[in-house]
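**Student:**
In our numbering, the protein residues as written are 5 to 204.
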């Protein structure tokens, strides 16, 4: 039975999708395999990571002088819900137990706090120490399914405008255009995720 779950998990991590979804960073995919992650979780992480790649590329192109750790953003998106391996009930229902559990799992597996933090803080973006990287991971976790969260987007726009000296409205329009385009593929990402079981 374990080999069946492993096969389904491998398909969630590697199967082609339409439109194409990029693979997770190798260290994230290997961790999911070693933990026997639920296939739906792997599919979800892949969808969020794919959106994060587009967000990170946009930031690199639009803000070439801004010091943003895009690799951390991609790893954070690829592992933000890792704690749901321990709390699979939160894959299909509400709950936040997975947040601290995911951070702790990452720390236990040798990942540094700067990468593990995304698992714990991806659902909260109003703290004083929230970084642009944190905001990008949180945004990817919403827009993958075309969910728009005005206070989150305002925080990101404010951070980008403050870092660049550009007008707030100018940054809002640019981000809104990007998120609208990313949201257009949400139905495909949702269908990909739904094709995989919560448990198997």
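The C-beta atom is built at its ideal place from N, Cα and C for all residues, glycine as well.
(1) Using a Cβ-Cβ cut-off of 6 Å (strictly less than) and excluding sequence neighbours within five positions of residue 80, which residues of its own chain qualify?
(2) Less than 6 Å between C-beta atoms, sequence neighbours within five positions excluded: which residues of the same chain meet that for residue 5?
(3) Here's the rule: buried if 16 or more other CB atoms are within 10 angstroms of the residue's CB, otherwise exposed. What is residue 137?
(4) Tell me where the alpha helix (DSSP H) around residue 113 begins and ends.
(5) I need the straight-line Cα distance from residue 14 to residue 172, nearest angstrom please.
(6) Alpha carbon to alpha carbon, how far is residue 51 from residue 37?
(7) At what residues does the alpha helix (DSSP H) containing residue 187 begin and finish?
(8) Am I right that residue 124 and residue 103 are in contact with their C-beta atoms under 8 Å? What's the rounded C-beta distance?
(9) When the distance is taken between beta carbons, is residue 105 closer than 7 Å to residue 87?
(10) Please classify residue 154: does DSSP put it in a helix, a strand, or coil?
(11) Below 8 Å on the Cβ atoms is my guess for residue 126 versus residue 84; work out the distance and round it to an integer in Å.
(12) Count the C-beta pairs between the segment 150-165 and the segment 105-117 that are closer than 8 Å, then say yes if the count reaches three, no if not.
(13) To which residues of the same chain is residue 70 closer than 6 Å at the C-beta, ignoring the five residues directly before and after it?
(14) My output table needs one value for residue 22: the three-state DSSP class, helix, strand or coil.
(15) In the structure shown, what three-state DSSP assignment does residue 135 receive?
(16) Got a sec? Which residues, its chain only, sit under 7 Å from residue 94 by beta carbon, not counting five neighbours each side?
(17) Would you mind working out which of 66, 197 and 42 sits nearest residue 205, comparing C-alpha positions?
(18) Quick one: measure Cβ to Cβ for residue 177 and residue 159, integer angstroms, because I've assumed they're closer than 8 Å.
**Tutor:** Quick answer:
(1) The residue labelled residue 80 in the question sits at position 76 within the chain shown. Cβ neighbours of residue 80 beyond the five flanking positions: 122 and 141.
(2) Against the chain shown, residue 5 aligns to sequence position 1. For residue 5, the predicted model reports a pLDDT of 41, less than 50, meaning its position is unreliable; a value from the coordinates is still stated below. Counting only Cβ-Cβ distances below 6 Å, and skipping sequence neighbours, we find nothing.
(3) Translated into the one-based positions of the chain shown, residue 137 becomes position 133. Buried, because 16 or more other Cβ atoms sit within 10 Å of the Cβ of residue 137.
(4) Position 109 of the chain shown, counted from the first residue, corresponds to residue 113. That residue, residue 113, is in no alpha helix (DSSP H); it is neither H nor E in DSSP.
(5) Taking the first residue of the chain shown as position 1, residue 14 is located at position 10. Taking the first residue of the chain shown as position 1, residue 172 is located at position 168. C-alpha separation (whole angstroms): 43 Å.
(6) Position 47 of the chain shown, counted from the start, is the residue given in the question as residue 51. Position 33 of the chain shown, counted from the start, is the residue given in the question as residue 37. If I take the Cα positions, the gap works out to 17 Å.
(7) Stepping through the chain shown from its first residue, residue 187 is reached at position 183. Per DSSP, residue 187 belongs to the alpha helix (DSSP H) from 172-187.
(8) As a working note, residue 124 is residue 120 in the chain shown. As a working note, residue 103 is residue 99 in the chain shown. Yes, residue 124 and residue 103 are in contact; Cβ-Cβ is about 5 Å, under 8 Å.
(9) As a working mapping, residue 87 is identified with position 83 in the chain shown. As a working mapping, residue 105 is identified with position 101 in the chain shown. Going by C-beta atoms, residue 87 is nearer than 7 Å to residue 105.
(10) Counting from 1 along the chain shown, the entry for residue 154 is found at position 150. Helix.
(11) The residue given as residue 126 occupies position 122 in the chain shown. The residue given as residue 84 occupies position 80 in the chain shown. The Cβ separation is near 4 Å, so the contact holds.
(12) no
(13) Along the chain shown, one-based indexing puts residue 70 at 66. 167, listed in sequence order.
(14) Position 18 of the chain shown, counted from the first residue, corresponds to residue 22. Three-state DSSP puts residue 22 in coil, outside helix and strand.
(15) Counting from one through the chain shown, the residue named residue 135 turns up at place 131. Three-state DSSP puts residue 135 in coil, outside helix and strand.
(16) Counted from its first residue, the chain shown places residue 94 at position 90. Cβ neighbours of residue 94 beyond the five flanking positions: 88, 101 and 102.
(17) Beyond the ends of the chain as shown, which are 5 and 204, falls residue 205; an answer cannot be given.
(18) Against the chain shown, residue 177 aligns to sequence position 173. Against the chain shown, residue 159 aligns to sequence position 155. Actually they are not in contact, since the Cβ atoms of residue 177 and residue 159 sit about 17 Å apart, beyond 8 Å.
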